[in-house]
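Student:
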Amino acid sequence: MNARRLASPPPSWMPIWVSLQILVSDIIAVPLSSPGPPPPSPANPPACPPGGVYNGSVRVFIDFGKSEILYSNLGGYGPNASQSFLTTAALFNPPGADPDASTVSTQGIYYAGIGVEVVDEVLGDGKVASRNVNFDMYVYNTTAYFPNPNTAVQSIGKSAGSGDLGAINLADNQECDFDFMFVDSETGSLLALSQPFSFVFLDFDAGIGGKPQEYLQVCGIESYDTSISIYGVPTAILVKDLGSGCFEFASLVEAGSQNNPQFVSDILVPLSSMSNFVREDVLPILVVLNFPAGLAKFQTTYIVTASNNPGQTGRNFLFAGFTASSSTSALLSYLPCPPSLPPSSPPPPLPPPHLPPFPPPRPCLPTTSPPPMLPPAPPQNPPATPPVPPLEPPQPPATPSLPPTAPPLTSPPPRAPPLPPSPPSSSPLPSSPPSSPPL
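In the working numbering, the protein residues as written are -17 to 421.
1. Going by C-alpha to C-alpha distance, which of MET163, PHE280 and PHE183 sits closest to SER141?
2. Looking at the unbroken alpha helix (DSSP H) that takes in ILE138, where does it start and where does it end?
3. My output table needs one value for ARG41: the three-state DSSP class, helix, strand or coil.
4. For ASN258, does the three-state DSSP call read helix, strand or coil?
5. Please state whether DSSP places THR70 in a helix, a strand or coil.
6. Which residues in the same chain as SER205 place their Cβ atom closer than 6 Å to its Cβ, once the five residues preceding and following it in sequence are excluded?
7. Counting only the same chain and skipping the five closest in sequence on each side, list residues whose C-beta sits under 6 Å from that of GLY148.
8. I'd like to know whether the C-beta atoms of ASN116 and CYS158 end up nearer to each other than 8 Å.
9. Roughly how many whole angstroms lie between the Cα atoms of CYS30 and PRO61?
10. Can you tell me where the beta strand (DSSP E) with SER233 in it begins and where it stops?
11. Touch check for the stretch 150 to 166 and the stretch 280 to 288: three-plus C-beta pairs under 8 Å?
12. When you compare only the Cα positions, how much space is there between ASP118 and SER54?
13. Among VAL40, ILE91, PHE43 and VAL42, which one has its Cα closest to the Cα of SER64?
14. Between which two residues does the beta strand (DSSP E) holding ILE96 run?
15. Beta carbon of SER180, beta carbon of VAL270: below 8 Å?
16. Would you call ARG113 buried or exposed, if buried means 16 or more other Cβ atoms sit within 10 Å of its Cβ?
17. What first and last residue would you give for the beta strand (DSSP E) that runs through PRO190?
18. Give a yes or no on whether the C-beta atoms belonging to SER233 and ILE219 are separated by under 8 Å.
19. Quick one: is GLY303 buried, meaning 16 or more other Cβ sit within 10 Å of its Cβ, or exposed?
20. Restricting to runs no shorter than 3 residues, where is the beta strand (DSSP E) found entirely within the stretch 151 to 217?
21. By DSSP, does LEU56 sit in helix, in strand, or in coil?
22. For GLU196, is the classification buried or exposed, using 16 other Cβ atoms within 10 angstroms of its Cβ as the cut-off for buried?
23. Rounded to whole angstroms, what is the Cα-Cα separation between ILE150 and VAL121?
24. According to DSSP, what are the bridge partners of LYS279?
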């Protein structure tokens, strides 16, 4: 009968190995979860397509072409100083006040139905709805105003002939301040716009020979733009910072009426849709003024320098706003983009680690001219070669002196051998004289 083989007890490391196998099998059985998608980035504002196409940020529209001039008496020159308008318009007759106590000047131009502000409102159910706030504009002079005596006053207010631009004529050698006021079309009271807005001034140029010259001064703007910042077209506008938030704009372009624009729809369009006339003659001499929210009016100063015949000529100031159709939003795609913020400058590079900072540059020494060259010296006879002294045998190096020591013990020198006896001489030698006695 075969003996049953007893199983040997398991080694001590076996439970650890079994536990590791179970742990590995569990890891393999459970699929590794991949990281979820990153959170969506915040929505960017609508990109501005190239060519200056409106991207939806303009909310205040000013259209001189749609407006109606109900009253025109700038500087008291007429031609439509309607007394009935003055007695019925709420601007000049605030409720509960004496009509004669109105502080608004009657020397101005009233543009009815000129603008719309699109305002968003939150409804009771939380939804946002947009509504239009219609407003008028009243432009009046606050200092003495004198137009060109040879210009028909009928052309003051809007550009002469066909066109949708605002216009004010000023005689040469004159300076005048104007206020542009917003008026609520329903109540006739002063209206503060709740959103930023832009206003365009065009046709900055000078007469032939540089006389007369036009200048525009304005305060309280947030920023300004020229053709270079909106369309990438070089500008001829000269800008001067007057301080305290005021700026002056001018141009040295010499031109007459041949470069005057007529329609905003010819200017505020994509660059590819413009005519060569607009690109080359109109864009370089316009400026866009960007005003902050909360304004009910803004002030400007017009200046026209003297001509060769002072008081007999003048210049026209043309202005406009961003326009839009009241019945369709098709025109919104033809307005220029608001200017983008300038890129922020990168921070300065950090110095390399473990290295001391560079020392400041040493100042450059002034360059000095080299001294004049001396003429070459005349040749001289070479010096005679000195005789070569005879060679002497080299002397042995001196033995360095040793510190004094006791003399060494020496044996006495050997004695000389005795001389052999000399043979006897044939004659005796004379005896030596006696030595002197010692002293």
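We put the CB at the ideal spot given by N, CA and C, even for glycine.
Tutor: Reading off the structure:
1. PHE183
2. Element bounds for ILE138: n/a, residue is neither H nor E.
3. coil
4. helix
5. helix
6. ASN272
7. PHE46 and PHE301
8. no
9. Reliability of the predicted coordinates at CYS30 is poor, the pLDDT of 46 falling under 50, and the value obtained from them is presented with this limitation in mind. If I take the Cα positions, the gap works out to 44 Å.
10. 228 to 233
11. yes
12. 14 Å
13. ILE91
14. 90 to 104
15. yes
16. exposed
17. Per the sequence shown, residue 190 should be read as Ile rather than Pro. Element bounds for ILE190: n/a, residue is neither H nor E.
18. yes
19. buried
20. 156 to 166, 179 to 184, 196 to 201 and 205 to 207
21. helix
22. buried
23. 10 Å
24. MET163
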